[in-house]
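What follows is the structure in structure tokens.
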């Protein structure tokens, strides 16, 4: 192999390593990880012919026919023997054998335990997939087929000559296509419609006359809510078959078109189960919380509610709404009834805490997203708007019998989108308000427990022996608790945990009116007396932690954030928090995360107002929390954008913040902490923490650029604009409006972005805030690009570059250079644009593989595309995609796919253009609906070139609708595209 003679010991060592061969791509061989030389094309053809016989002997004549067909050379037999001899030297002894005047490759005889052939592995996986499919286990079958198809590496038997190789190449490619169709069919059965559209678009372009692929594409489009495109795909197919073959579509395809025209409900969901046939439904959620083992009383309510739920099968929908004051046991009763009724709802049970009693109730669209995922809907198929999610939710539940428990609702408006609306389903709702405006609901008003029930609950928790000996004291305890179940449970649990206490000791504590509120019978604060009992037993450090941690508005707190609030080491903080969890005054939401029940949080704040000394300690605690978030978010920003000087011009902090091992861990922290971080920013409005809060929002800008938490981020940015304006702080308001400009640019609201940018520039100038001025100048340049005011854009970018260069902010300077290149493109200076963008990338490259380097490659790609250097442009866009994926910049990924599609279309590769445009639609893009319109316009152009005129027209109509809604100038271009289509 390397020209050096081998001794027997070397043979033995080599034989112990298994051989691997591939034919599903180039013909290759490996020993372990080492690639083996397979020789000339004819020698590889001989190797392929032997491998494809799967161990059977091929005669010399058969091999000659395989390599040369009817026109073999005069020395063909000698050549075959030479090729075989060379292969024998390369392979392990005993693998290529001579017998009966021919040759064979015996992989099972390899001394190292046998060799492997990728085709054999593919056949095994295909067989296993077929078995899994026959069992109804489509999930496993799909996974096996995906694994099998990944074995293909380009063209089968690539560059291998000879008639035998050509025949096998055609056979194996057809086999692969059939298996791809099977896998795509399973994709659709499992709800992966949106993901399948991109691949099917490319496949139908490559195989335009294959009706099975066309049918799958129509179904995928229809199930993705794109009915017009599905019908257009059929029209394109009918025209193509008539033009090319003079035939009509098959009866099956015609039937599918009719079913799509009629919006056949049978097409709206998979026709086969997603799991083995033994499972009742594709996905059966079981989300109910555990029922309490000591559930007590409420027998009449249990019977009443169970009876209502049992009637769901014959009604459009059964809805029961439980109302009552906090702590009265609504959730406990609802969960108990739901468990009792599970048998009536075999298709699953959904549960959510709507957080209606808190300052920020759960948004219905977020709840619907979680429910759809629980019901098996992939993320990519979940629409954005509340109305579309609600419609899809009702469609998914149609034909199922599912119970939905909506706990702690704010009002009927929050509940209505979450109701199933179909026969056989039911909803249980709990709320502090009586939902008289919830049409058709069975209303239940839940009052406090009777004295007998209250005593039973107390006895079950504390123990019969202790209560029976002090029955009167026990009655005094439950009476002091106002017979509220939550109060009774907390008091009894505290007593049960203290074996040295008697019931009379607890009764005496409750009898002290100084330790409980005068009124227990009404209002959200009715359980304060019970919380006071637990709070009064806390040690000083525990009580301080309980008071101060309740000040934060976020849904929960991490251990590190809590340590910052308390100004304590993490270890000491964890010990305190876990002790509070033991008292039931704090909940452990997840490892390292803690939260309050909403009423307990209100009580903790009341305690802080009453007890915290000195009074300024409350403000100091919130200042420490803000410092923690600002310092840590600035650290994340610095990791994502090394060398950027923004972090040097943020407000100083006393807390050092967390440190991270790398970018992935930093982003994990940012996205996990998004809700409490933004809540901390909002809570700082109207305080002297305003400047730091605005800077925190700025440092956390990835929350909007990645598409995550964009709505909450924008809401917070607007709140800070109002707060800084009210405070008369030009510097803070200028920065807040700079942040809001970023948000509006990302979402494509250009006119609003321009208005905010003008205000931000004026404010930053008045405050002499050079950092904000340079940022706003860059943003105003981007706004000019969107408005085709390229000369104005150049002036703004020049201003930004000068300021950034003087500030030593090289990475941001490079970003503005890349943006400047686009202004030059707009003015026709293509070569200048390429040179400037490449200069920007060179600077970015000094700081590593960052998001801004990806943006730089993106800018160079655009310039090279305009210079018609398509191959180079694709290289830069591919570099950008890899980096953006690592940094979870989903919207930028989608935008880059759009640019790649532009290049492919310009290079006359419409199939590839359509595929990347579909990926851009699935991922979404920077620029909101306007950019979606651009993607649809381009997709329509690609489909039109491919002959899919009707589907192209459907894309253009959707694009026109988006443009008209926003008043975009691109509407005229799309109208022009639609005119020929209408005439046809």
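In this note's numbering, the protein residues as written are 689 to 1672.
The beta-carbon is built from N, C-alpha and C at its ideal position, and this holds for glycine as well.
Classify residue i as buried or exposed, calling it buried when 16 or more other Cβ atoms lie within 10 Å of its own Cβ.
i, result
"residue 1037", "buried"
"residue 1257", "exposed"
"residue 1512", "buried"
"residue 1060", "buried"
"residue 1165", "buried"
"residue 1182", "buried"
"residue 819", "exposed"
"residue 897", "exposed"
"residue 1187", "exposed"
"residue 789", "exposed"
"residue 1089", "buried"
"residue 1515", "exposed"
"residue 1667", "exposed"
"residue 933", "exposed"
"residue 1600", "buried"
"residue 775", "buried"
Tell me, to the nearest whole angstrom, how far the beta carbon of residue i is from that of residue j; I am working on the premise that it is less than 8 Å.
i, j, result
"residue 1328", "residue 1351", "6 Å"
"residue 1233", "residue 1265", "7 Å"
"residue 1007", "residue 1134", "With 8 Å as the limit, residue 1007 and residue 1134 do not qualify as a contact, their Cβ atoms being about 16 Å apart."
"residue 1423", "residue 1383", "7 Å"
"residue 872", "residue 856", "That pair is no contact at about 24 Å."
"residue 806", "residue 710", "4 Å"
"residue 1388", "residue 1358", "6 Å"
"residue 1488", "residue 1465", "4 Å"
Among the options, which residue has its Cα nearest to the Cα of residue i?
i, options, result
"residue 1536", "707, 1632, 1326 and 868", "1326"
"residue 1560", "1115, 1596, 1522 and 1543", "1522"
"residue 1580", "1611, 1597, 1602 and 1596", "1611"
"residue 834", "814, 844, 1466 and 825", "814"
"residue 1648", "1661, 1638, 780 and 1636", "1661"
"residue 1504", "1544, 1518 and 1244", "1544"
"residue 1415", "1433, 1398, 1372 and 1385", "1372"
"residue 740", "780, 770, 811 and 973", "811"
"residue 714", "853, 1600, 1303 and 1653", "853"
"residue 1467", "1507, 1502 and 1666", "1507"
"residue 1499", "1402, 1335, 1408 and 1404", "1335"
"residue 1123", "1146, 1099 and 1143", "1099"
"residue 1315", "929, 941, 1590 and 1251", "1251"
"residue 1094", "1086, 1125, 1052 and 804", "1052"
"residue 1633", "929, 1594 and 1083", "1594"
DSSP state of residue i, grouped into three classes?
i, result
"residue 935", "coil"
"residue 1571", "helix"
"residue 1507", "helix"
"residue 1097", "strand"
"residue 978", "coil"
"residue 1634", "coil"
"residue 848", "coil"
"residue 1119", "strand"
"residue 876", "helix"
"residue 1212", "Caution is warranted here: a pLDDT of 33 is assigned to residue 1212, below 50, making its placement in the model unreliable, and the coordinate value is therefore given only provisionally. Reduced to three states, the DSSP call for residue 1212 is helix."
"residue 1068", "helix"
"residue 985", "coil"
"residue 962", "Legend: pLDDT at residue 962 = 38, less than 50; position of this residue unreliable, no value from coordinates given."
"residue 1471", "helix"
In the DSSP output, which residue or residues are listed as bridge partners for residue i?
i, result
"residue 1114", "1006 and 1091"
"residue 1242", "Answer is none; residue 1242 lacks a bridge partner."
"residue 1130", "1008"
"residue 790", "747 and 787"
"residue 718", "708 and 723"
"residue 1625", "For residue 1625, which the question treats as bridged, DSSP gives no partner whatsoever."
"residue 1276", "1282"
"residue 1039", "1093"
"residue 1429", "Bridge partners of residue 1429: none, in fact."
"residue 804", "708"
Within the present structure, is the beta-carbon of residue i separated from the nearest heavy atom of the ligand ZN by less than 7 Å?
i, result
"residue 822", "The model on display carries no ligand, and the ligand ZN is accordingly not part of it."
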